[in-house]
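A short worksheet on the structure shown next.
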Amino acid sequence: MNISTKRLTLRPFTLSDLKLLYHLHSNPTVMKYIPSGIRTMEETWLDLHDDIAHQENHGFSKWAVFLKDTGDFIGRAGWASMDTTGEVEVGFKFFPQYWGNGFATEVLQALLAWGKANIQRPLIAFADPENNASIEVLKKSGMIYLRQDEYEGKTIVVYSLSQF
């Protein structure tokens, strides 16, 4: 199963995507606001296995994002089940050279539409309180501030779809 937007294609990760994902997860600019920080190859391998297992167990996970016109890998976006709260987190991260082109908004709106139709649980997103660009994408996509929380030892802000 894939999701397509006007300019992008999203698909579940496969084991052969390790180098792509590592390139993203080892980029300090990409990972600046991510609580886990820069990932090693081994940590990325575990992340990849978690994504694949999550897809098999839940029918959704974090997916690879590609430009339609070139096939270039530009980031990772999708969902993660927050089993302790019953919520499903939607998130995105892209290489810096693709920032400012509307890709995050395009992806998030497609993910939220798919999530509303296929995931019968509250959809949330979280961001570092200092990551104004991501917070603006969340707001632009119809999400509203829900709460401040802590994740992996860092303060985050949580947004939710207003329908929940």
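If you count the sequence shown from 1, you need to add 109 to reach our numbering.
C-beta: ideal position from N, C-alpha, C; glycine also.
Trp208 carries a coil assignment under DSSP once its states are collapsed to helix, strand and coil. In the DSSP secondary-structure assignment, Phe122 is not bridged to any residue. Nearest to Leu157 by C-alpha distance, out of His132, Asp126, Gly180, is Asp126.
For the pair Leu232 and Gly224, the CB atoms are nearer than the 8 angstroms cut-off. In the assembly as shown, Arg256 is an exposed residue. Its beta-carbon has fewer than 16 other beta-carbons within 10 Å. Between Ala173 and Phe122, the gap from beta carbon to beta carbon is short of 8 angstroms. In this chain, the alpha helix (DSSP H) harbouring Tyr131 covers 127-134.
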